[in-house]
Amino acid sequence: MTTPADSSGGQGAGTNVVAMRPEQAPPAELSAHAREVIDEALTHYPEDQRQSAVLAALREVQHENQGFLTVPLMDAVADYLGMARIAVYEVASFYSMLETSPCGRHSVSICTNVSCMLRGADELVAHVTERLGIQIGETTPDGRIYLKREEECLAACCGAPMMMVDHVYYEDLTPESVDAILDGLE
Ligand code: FES
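Remember, the numbering used here sits 100 above the position in the sequence shown when you count from 1.
Here it is as C-alpha cells:
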C-alpha cells in the first residue's frame, strides 16, 4: 500500500484512493448547494464535532460528481469540515455506498448470500453478466449500468432472490424480471 502525500502527514488510505490521486492537485471547489447541504447537516451536531457531517458531505459531493469521489473533492470536504484529509480518505474507502473511481449511472448489486443463493442468485449473476457483457465491478461501455458487487445479505431474505438498484430493493427476481428492470434504466 502506498502512502499518499496528503497534508495531514497520516498513513496510507485505501489503494484505490491512492491510485487516483493527482499529484499536487489542489482541493476542488464545493458547490454552493453542497455547502448548503453540509451546513444543514452540521446543525445536527455540536459545533466542535464538525467531522460528524462527513458522510452527509461525501454523499452530496459524490452525487454532484456523477456518482464518484475524487481526491480533490475529498480534500475540499476535509478542509471545509476541518478534518485531516487522511481521515476523509478512510471514510470514503470504508463505506460501500461511496465510490472513489468512475462508475456507471446506475448501481446494481445482486445479493448472493445464503437465502438468495438457495433461490437462484448465482444463476441471476451469470445471466446478468452475460447479458450485459461485463463482470462484477465493471460498467457497461455506455456508462449506463455499474455491476457494483455481489452483495452480502441485504435483509430482504423473504423476497429472495433480490437485488438493489440505486438503493431501491427489487425482490422475488427471475431472469425475465431482472431484464425488465435493467432495460428500464436510462
Ligand atoms: S440472503 Fe439475500 S437478502 Fe438475505
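C-beta: ideal position from N, C-alpha, C; glycine also.
Report task. In angstroms with no decimal places, state the Cα-to-Cα distance between ILE281 and GLY182. Result -> Take the alpha-carbon of ILE281 and the one of GLY182: they are about 42 Å apart.
Requested in this report: Compute the beta-carbon to beta-carbon distance between TYR269 and LEU285, rounded to the nearest angstrom, for a pair I have assumed lies under 8 Å.
Outcome: Here TYR269 is actually not in contact with LEU285; their C-beta atoms are around 15 Å apart, not less than 8 Å.
**Report entry** Buried versus exposed, by CB contacts within 10 Å (16 or more), TYR246
**Finding:** It counts as buried.
Query raised in the report: Would the beta-carbon of MET262 be found less than 7 Å away from any heavy atom of the ligand FES?
Result: Yes; taking the cut-off as 7 Å, the Cβ of MET262 has a heavy atom of the ligand FES nearer than that.
Query - One or two residues paired with TYR270 in a DSSP bridge - result: In the DSSP output, where bridge partners are listed per residue, TYR270 has MET263.
**Report entry** Any non-hydrogen atom of the ligand FES within 7 Å of CYS203 CB
**Finding:** No, since every heavy atom of the ligand FES falls outside the 7 Å radius drawn around the Cβ of CYS203.
Query - Helix, strand or coil at ILE138 according to DSSP, with G and I counted as helix - result: Helix at ILE138.
**Report entry** Proximity to ASN165 [Cα-Cα], best of PRO202, PRO241, VAL191
**Finding:** Of the candidates PRO202, PRO241, VAL191, the one whose C-alpha sits nearest the C-alpha of ASN165 is PRO202.
Query raised in the report: How close, in whole Å, do the beta carbons of VAL154 and VAL191 come, if the pair is a contact with beta carbons under 8 Å?
Result: Taking C-beta atoms under 8 Å as the contact rule, VAL154 and VAL191 qualify, at a distance of about 5 Å.
Query raised in the report: So, are the CB atoms of ALA157 and ILE186 less than 8 Å apart?
Result: Not closer than 8 Å, so no.
Query raised in the report: LEU273 and LEU224: beta carbons closer than 8 Å?
Result: Contact: yes.
Query raised in the report: DSSP state of MET101, grouped into three classes?
Result: Note that MET101 scores 33 on pLDDT, short of 50, meaning its location in the model is unreliable; the coordinates nonetheless yield the value given after this. The DSSP-derived three-state label of MET101 is coil.
Requested in this report: Please state whether DSSP places SER207 in a helix, a strand or coil.
Outcome: The answer is strand: DSSP assigns SER207 an E or B state.
**Report entry** Residues near ARG244 in its chain [Cβ-Cβ closer than 7 Å; skip 5 each side]
**Finding:** For ARG244, the CB contacts under 7 Å within the same chain, skipping 5 residues up- and downstream, are GLY204, ARG205, HIS206, LEU285 in chain order.
Requested in this report: Go ahead and pull the three-state DSSP assignment for ASP279.
Outcome: Note: ASP279 maps to helix in three-state DSSP.
Query raised in the report: So what's ARG244 in DSSP terms, helix, strand or just coil?
Result: ARG244 falls in the coil class under three-state DSSP.
Requested in this report: Would you check if the distance between the CB atom of VAL278 and the CB atom of VAL228 is smaller than 8 Å?
Outcome: Yes, Cβ-Cβ distance for VAL278 and VAL228 is below 8 Å.
Query raised in the report: Where does the unbroken alpha helix (DSSP H) through ALA176 begin, and where does it stop?
Result: Annotation for ALA176: the continuous alpha helix (DSSP H) segment containing it runs 171 to 181.
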